[in-house]
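When the count follows the working numbering, it moves up by one through the sequence shown with no breaks and lands on 1738 for the last residue.
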Amino acid sequence: MKVRLEKVSKFFGKTAAVKEVSLEVAEGELFFLLGPSGCGKTTLLRLLAGFYKPDAGQIYFGNQPMNAVAPEHRNCGMVFQNYALWPHMTVEGNVAYGLEVRKVKQEEKQARVREALEIVKMSEYAQRPINQLSGGQQQRVALARAIVIRPALLLLDEPLSNLDARLRLSMRNEIRRIHSQTGITTFYVTHDQSEALSMADHIAILNHGEVEQAGKPAELYCKPNSPFTADFMGEINWIDAVVEEPGDGRRVAVRSGQFLWRVASPAPWARGTKVRIGFRPEAVSFANAPAENSFTATILESFYLGAQQETLLKAPFLPNQPIRALEINPGKNSAEGKNRTVSIDAEQILIFENSSG
Ligand code: ATP
């Protein structure tokens, strides 16, 4: 089922928890609501579930307006952060509960519980009480309980936040697998950008209740349309600069100290505009061949991590602001104090007007 939100707002007193949010989610998508604490993710999920009514705007499931539809008639499956399972009931009892409420006949109920437990790989634990399961197993039961009702929409609120780091990684794959096996349109709330990047079909980044940007993971990471999105999606080096040459439709030249950066920009910039340019640590290349945006930098610190190496560099034109670089598959440990030639591809540099400067 496709879902559409049209200028949806929700206020708590004077606070706009969700502000004029418009989104379209295609049938069968795994759609992420991503953003920092307090940006309105959970409120949006509760609006979809029907626990809150929008103060303005409309939510559509397919072509049906939903604002006046009660939660129990929305056919949404939900997984909460704390799973909200009955601790003393068995796995089977927890999963069957939603079907009992819906008065599904005994035979069909058993078949559907069996199927849901198979999908989440928990069949062998059917008779175990919940309080004898690990966190990851409880997570699977919560998912089974949500999908057993064959919801039109699955709503997941930070479903992995209570698991340890390793389990979180493996459950990412599990949730993706379960999602593609069931094909249920799913909203997934998280503040973890790596979870969103690795799992989502599409992501909406929320900032103070508004959609800052929506798109595919790689679009948000590589082509953020604001510094907020750029920062939120991953590490970035920001440098204040001033436009020196307005650009030829391909490159604009901006100055920071003694250095003239060439930055890819199809749009022209007025000479003298204060800007911030940004590039991700992995955009710093250690190739020796002369390239655009090439300079010699001194290694301040280097952290060898096996598969990759993180290096803090001092550029002569930026003495007080280290540049963070990330080398994938590093050859050997780099010595501190050594000079290295680095370059940054103009296409990988972002440019934004510096409103604070
Ligand atoms: P977190 O990641 O911390 O759970 P969130 O992005 O889910 O945050 P929400 O819980 O949706 O954010 O909250 C959005 C804003 O609305 C916050 O400013 C919050 O304080 C406020 N808010 C949420 N629920 C209520 C409520 N029931 N009454 C008053 N204010 C609320």
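Glycine included, every Cβ here is placed at the ideal spot set by N, Cα and C.
Query, Result
"Answer yes or no: the CB of K1422 versus the heavy atoms of the ligand ATP, is any distance below 7 Å?", "yes"
"Between the segment 1665 to 1679 and the segment 1700 to 1710, can you find at least three pairs of beta-carbon atoms closer than 8 Å?", "yes"
"What's the C-alpha gap between I1680 and I1556?", "41 Å"
"By DSSP, does N1720 sit in helix, in strand, or in coil?", "strand"
"So is the beta-carbon of T1396 under 7 Å away from any non-hydrogen atom of the ligand ATP?", "yes"
"Is T1423 helix, strand or coil when you go by DSSP?", "helix"
"Under 8 Å Cβ to Cβ from M1382, same chain only, skipping five residues before and after it: list those, please.", "E1408, F1442, G1443, A1533, L1534, T1566"
"At the 8 Å Cβ level, is A1706 part of the contact set with chain C, yes or no?", "Annotation note: the requested chain C is absent from the structure, which comprises a single protein chain."
"Are the segment 1614 to 1628 and the segment 1641 to 1650 touching, with three or more C-beta to C-beta distances below 8 Å?", "yes"
"What number of angstroms, rounded off, separates the C-alpha of H1560 from the C-alpha of E1499?", "14 Å"
"I need the DSSP call for I1704, collapsed to helix, strand or coil.", "strand"
"With the cut-off set at 8 Å, would you say A1399 and G1590 are in Cβ contact?", "Correcting the residue type first, residue 1399 is Val in the shown sequence and not Ala. Yes. Within cutoff."
"Which complete alpha helix (DSSP H) runs does the segment 1476 to 1545 hold, if anything under 4 residues is left out?", "1487 to 1500, 1516 to 1528"
"Does the beta-carbon distance from L1731 to F1676 come in below 8 Å?", "no"
"Under the criterion of a Cβ to heavy atom distance below 7 Å, does S1418 qualify as lining the ligand ATP?", "yes"
"For the candidate residues G1438, E1734, K1490, A1581, whose alpha-carbon lies nearest to that of A1599?", "A1581"
"The alpha helix (DSSP H) spanning E1576 covers which residue range?", "1574 to 1580"
"Any heavy atom of the ligand ATP closer than 7 Å to the Cβ of F1393?", "yes"
"Consider the C-beta atom of H1572 and the heavy atoms of the ligand ATP; say whether any pair is separated by less than 7 Å.", "yes"
"Could you check where the alpha helix (DSSP H) with D1612 kicks off and where it finishes?", "1608 to 1614"
"Considering only their Cβ atoms, is the gap separating V1592 from L1404 smaller than 8 Å?", "yes"
"What whole-angstrom Cβ distance do E1387 and Q1445 have, given they're in contact under 8 Å?", "That belief does not hold up - the Cβ atoms of E1387 and Q1445 are roughly 13 Å apart, past 8 Å."
"For D1538 versus L1415, is the C-beta distance shorter than 8 Å?", "no"
"What's the call for W1642, buried or exposed, on a 16-neighbour Cβ count within 10 Å?", "buried"
"How long is the line joining the alpha carbons of K1502 and L1548, rounded to whole angstroms?", "15 Å"
"When DSSP builds the beta bridges, which residues end up paired with I1680?", "L1694"
"Run the CB neighbour count on K1391, radius 10 Å, all protein chains shown included, and call it buried at 16 or more, exposed below.", "buried"
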